[in-house]
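These protein sequence lines map, in sequence, to chains X and D.
Quick note, our numbering runs 605 ahead of the 1-based positions in the first sequence.
Quick note, our numbering runs 38 ahead of the 1-based positions in the second sequence.
C-beta atoms are modelled at their ideal positions from N, C-alpha and C, and glycine is treated no differently.
Below is one structure, written out as structure tokens; comments come after it.
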Amino acid sequence: MTLAVEEASGKGLKRPRPMSTNSAIATAARDLDVDVVSAYPITPQTTVVEKIAEYIANGELDAEMIHVESEHSALSAAIGAAAAGARSFTATASQGLALMHEILHIASGGRVPVVMSVATRALSAPISIWNDHSDVMNARDSGWIIAFVSSAQEAYDTVIQAFKVAEDPEVLLPFMVAYDGYLMSHTMEPVVTEDRETVLSYAPKRDYPYKLDPKKPVTIGTITDPNWYYEFKYQQVETMKVALEKFRRADEEFGKVFGRNYGLLECIHCEDADAIVVATTSYATTLKYLINTAREKGMKVGLLRLRLYRPFPVEDFLKATSGVDTLLVIDRAISYGAPVQGPLATEINSLFHSRGIDTKVVSVVAGIGQRAFKDDDAMNMFKLALESRKAAPEETIFYGVRK
Amino acid sequence: MSGAEQLPKGQLYKSLFQLTRWEGLVSGHRLCAGCTAGVIVRHLMKVAGPNTVVVNATGCVEVSTTPYPYTSWNVPWIHVAFENAAAVASGVESAIKILKKKGVIDDDYKVIALGGDGGTFDIGFQALSGMLERGHRVMYVVYDNEAYMNTGIQRSGATPYGAWTTTTPAGKVWRGEWRPKKDIAAIVAAHRVPYVATANPAYPLDMVNKFKKGLDALEEGPSFVHVIMPCTTGWRFDPRLGITIARLATETGVWVLYEIDHGQYRVTVPVKKRKPVKEYLKLQGRFKHLTEEEIEAIQRMVDEEVERINKIVGREVIGPVVS
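Given below as structure tokens:
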């Protein structure tokens, strides 16, 4: 990891500071001059909100903090604030995201540009405060833009990009930035932060076009009969396509302004790979760290890190995987009883099938409830991906479980 | 928006003719013929005026006033869900506060949260308590028709003892609702908010002045007005009788009109001679299964409540039953 990052202008070096992903996200909220933060404490999200509270308490951020009595109210209040024209932020994890579930759909259907960070965590029962992606995967069809980030720096940068995309008048959709609880939320990494002026010129506050303004009254959240409801929903379908291109451009522009960008997905050694491992968040970081070692051992593997999950970057994905015959998809959640029990693997399978592509998809579930996934395990994924070229397992592999 | 004149802060209405001709809730809505919610909300909006944001919980008023692509609302209005009007209103109020501080907006809009009894007593109870406890400057108005009328007359925490509903039917074993109504205004008052009141559309001057006091109190914190709302469909009465029944509720002591203004408890409509509760019950199909003994039991419950209120006030502000 580099300890100093060259400034985009080339004038000098910006010094990174040690930060957890939670801290980086709170700092992004500060630098975006968010107006309203409404949040409820849940492990491992808590330090995001603690840090924002500290910024407000110290006068570093001028915002209203609503100390709500539940996550359901956290998102409800965030929607109210955004509808009234405020830049509105919230953060949650696990049960909190599950409790918000009803309101997730209302945020997207109501076209309210709330941004939320999610420190992904397993769902009860039994209770686990540790990491997996059960929470976000449960929310995948709620109409939010969802990005999976893989470092504290990327989390900081993506929250800034998220506001730019969500608040775009041609988008107006809520945006979820997901990262691994504990593995990232509480892990210190070097992070470069930007000055507020530049951040706000990159992601300026926009006038929410349908805001609750007595000078121009609007009615939001009507009862909508069978003659109209479908069109509302189809507009969301169409807007997801717009959001994809807006996010692509926002990321490119971010690169020009700040010198860092990530793409919709990242593919390493994919061009000449025999098999590709697909992963997200910190797992992708671990695999990225080891892929050169694998290559040195003669394993012709690639790594595809999916960053934008909703909308799914279909064309980018197909292009990146066009040269291989086998994909191993690591899922951090289980779709119980499904034909393929890794939800991401299911989607990729479905994509290939619908396009008449016969690339094999190996479904691996790993790291459930933060079952350890270390360097050896990452190497095993590369190995398994290559072995599967000859004989691909038909069923989802539950990696690391005691049967 | 023009032509709207609201009374200045601190002033109360002496006559209904002082109300503005401006309408916040206009005609064309789909409330039932004879529904008393329209009367309540229309008066509420006349008192509040155009510089108001309304947050509506899911319920009769919400569905009846906003059948897309139509709306009856002349003010900015938002509905998010059933249980969160108080939370959404907290967000709206916080946004107005910070946007005004940052110079983005120049006006200070009033925020009103509006919910039915289900959305307030039951599913919205937690959000309501949070909003009150945090001191958001929101006036919460509950129109209480004493059951889940929008979904078809299922009992709620506001359903009174003895009432038939579709989930507390009167049969051989069950005799309608067997638990007393939740005292929501007292629970709200326990949050020590500046203004809490009960109101009744049959006493419109008393009702509009309570809305006025509730809105005036917003400089200090939240306020709460609990309005009884006779429901022709769910209470099973002739649509022309809504206001008659509402008036009987107060005349029988079933619905005592009071306010708690900065901790000061005051009965705003004293009743010297109470009518027997039977007169209120007999006009409503939801009570038609009750026997004389059961009506007597309800009378005793009302008597006890009246006695409790008289004790709080320190004198007989609600008198005895005179047949």
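For residue i, which of helix, strand or coil comes out of DSSP?
i	result
D/A119	coil
D/W111	strand
X/T898	helix
X/P795	strand
D/T90	strand
X/L778	coil
X/I671	strand
D/V126	helix
D/Y186	strand
D/V192	Reading the sequence as shown, one finds Gln at residue 192 of chain D and not Val. It is a strand residue.
X/Y807	helix
X/C872	strand
D/E297	strand
X/V969	strand
X/S733	coil
X/T829	coil
Taking all protein chains shown into account, do 16 or more other C-beta atoms lie within 10 angstroms of the C-beta of residue i, making it buried, or fewer, making it exposed?
i	result
D/G190	exposed
X/N663	exposed
X/S955	exposed
X/T898	exposed
X/P718	buried
D/W202	buried
X/H958	exposed
X/R635	buried
X/S790	buried
D/H300	exposed
X/R937	buried
X/I750	buried
D/P218	exposed
D/E345	exposed
D/R59	exposed
What's the gap between the Cα of residue i and the Cα of residue j?
i	j	result
D/V294	X/G974	56 angstroms
X/P998	X/T792	35 angstroms
X/L949	X/A971	12 angstroms
X/R794	X/T695	The residue asked about is misnamed: residue 794 of chain X is Glu in this sequence, not Arg. Taking the straight line from one Cα to the other gives about 23 angstroms.
D/I161	D/G48	34 angstroms
D/E184	X/P649	42 angstroms
D/R80	D/I134	24 angstroms
X/E611	D/N122	A caution first: X/E611 carries a pLDDT of 48, below 50, which makes its placement in the model too unreliable to give a value.
X/E772	D/K52	48 angstroms
X/I647	D/V130	24 angstroms
X/F852	X/K820	33 angstroms
X/A687	X/T824	15 angstroms
D/T306	D/A287	15 angstroms
X/P774	X/Y813	8 angstroms
D/E334	X/S713	53 angstroms
Hey, is residue i's beta-carbon within less than 8 angstroms of any beta-carbon in chain B?
i	result
X/P822	Of the protein chains in this structure, namely X and D, none is chain B.
Any contact between the region 106-119 of chain D and the region 77-94 of chain D? By contact I mean 3 or more CB pairs, one from each, below 8 angstroms. Touching, per the Cβ criterion.
Does the count of Cβ pairs from the region 906-922 of chain X and the region 882-896 of chain X closer than 8 angstroms reach three? The region 906-922 of chain X vs the region 882-896 of chain X: in contact.
Residues from the region 126-142 of chain D in contact with chain X, defined by Cβ distance under 9 angstroms: Along the region 126-142 of chain D, the positions whose C-beta sits under 9 angstroms from a C-beta of chain X are V126, A127, S128, G129, V130, E131, S132, A133, I134, K135, I136, L137, K139, K140, V142, read in chain order.
So, does the region 636-651 of chain X touch the region 682-701 of chain X, judging by three or more C-beta pairs under 8 angstroms? Touching, per the Cβ criterion.
Say whether the region 958-967 of chain X touches the region 930-942 of chain X, bearing in mind that this needs 3 or more beta-carbon pairs closer than 8 angstroms, one atom from each stretch. With the cut-off at 8 angstroms, the region 958-967 of chain X and the region 930-942 of chain X touch.
Is it the case that the region 169-179 of chain D contacts the region 142-151 of chain D, given that we only count it when at least three CB pairs across the two stretches are under 8 angstroms? A contact exists between the region 142-151 of chain D and the region 169-179 of chain D.
Given 8 angstroms, three or more beta-carbon pairs between the region 984-998 of chain X and the region 58-73 of chain D: Output reads no: the region 58-73 of chain D does not touch the region 984-998 of chain X.
Anything in the region 156-177 of chain D with a Cβ closer than 9 angstroms to a Cβ of chain X? List those residues in chain order, please. For the region 156-177 of chain D, residues whose beta-carbon sits nearer than 9 angstroms to a beta-carbon of chain X comprise Q164, A165, S167, G168, M169, E171, R172, H174.
Under 7 angstroms, CB to CB, which of the residues in the region 686-702 of chain X have a partner in chain D? Answer in chain order: A686, A688, A689, G690, A691.
Between the region 697-712 of chain X and the region 669-677 of chain X, are three or more C-beta pairs nearer than 8 angstroms? Contact between the region 697-712 of chain X and the region 669-677 of chain X is present, because at least three Cβ pairs lie under 8 angstroms.
Is the region 265-282 of chain D touching the region 222-241 of chain D, taking contact as three or more C-beta pairs under 8 angstroms? The region 265-282 of chain D makes contact with the region 222-241 of chain D: 3 or more CB pairs, one atom from each, lie closer than 8 angstroms.
Cβ pair count under 8 angstroms reaching 3, the region 275-285 of chain D against the region 198-212 of chain D: By the criterion of at least three beta-carbon pairs nearer than 8 angstroms, the region 275-285 of chain D is not in contact with the region 198-212 of chain D.
Chain D contacts from the region 803-820 of chain X (Cβ-Cβ distance under 7 angstroms): Listed in sequence order: L817, D818, P819.
By the 7 angstroms beta-carbon criterion, what residues does the region 739-753 of chain X contribute toward chain D? Cβ contacts with chain D come from no residue of the region 739-753 of chain X.
Please name the residues in the region 822-836 of chain X whose beta-carbon is closer than 8 angstroms to at least one beta-carbon of chain D, in chain order. Residues are counted here when their Cβ sits less than 8 angstroms from a Cβ of chain D; for the region 822-836 of chain X these are P822, V823, T824, I825, G826, T827, I828, T829, D830, W833, given in chain order.
Just by C-beta distance, which residues in the region 650-681 of chain X are closer than 9 angstroms to chain D? Within the region 650-681 of chain X, the qualifying residues are D667, A668, E669, M670, I671, H672, V673, E674, S675, H677, S678, A679, L680, S681.
For the region 55-66 of chain D, list every residue whose C-beta sits within 8 angstroms of some C-beta in chain X, in sequence order. Those residues of the region 55-66 of chain D placed with their C-beta closer than 8 angstroms to a C-beta in chain X do not exist.
If the cut-off is 9 angstroms on Cβ atoms, which residues from the region 616-640 of chain X count as contacting chain D, listed in chain order? Correct list: D638, D640.
The region 705-717 of chain X: which residues have C-beta closer than 8 angstroms to a C-beta of chain D, in chain order? Against chain D - using a Cβ distance shorter than 8 angstroms - the residues of the region 705-717 of chain X are E707, I708, I711, G715.
Relative to chain X, which residues along the region 65-91 of chain D have a C-beta separation below 7 angstroms, given in chain order? The residues in question are P88, N89, T90, V91.
Would the region 753-772 of chain X count as touching the region 851-865 of chain X if we require 3 or more Cβ pairs under 8 angstroms? The region 753-772 of chain X is in contact with the region 851-865 of chain X.
With a cut-off of 8 angstroms, do at least 3 Cβ pairs link the region 794-809 of chain X to the region 617-631 of chain X? The region 794-809 of chain X makes contact with the region 617-631 of chain X; the number of CB pairs closer than 8 angstroms reaches 3 or more.
Within 8 angstroms, do at least three Cβ pairs link the region 867-883 of chain X to the region 731-745 of chain X? The region 867-883 of chain X and the region 731-745 of chain X do not touch, with fewer than three beta-carbon pairs separated by less than 8 angstroms.
Contact residues within the region 716-735 of chain X, judged by C-beta distance below 8 angstroms to chain D: Within the region 716-735 of chain X, not one residue has a Cβ closer than 8 angstroms to any Cβ of chain D.
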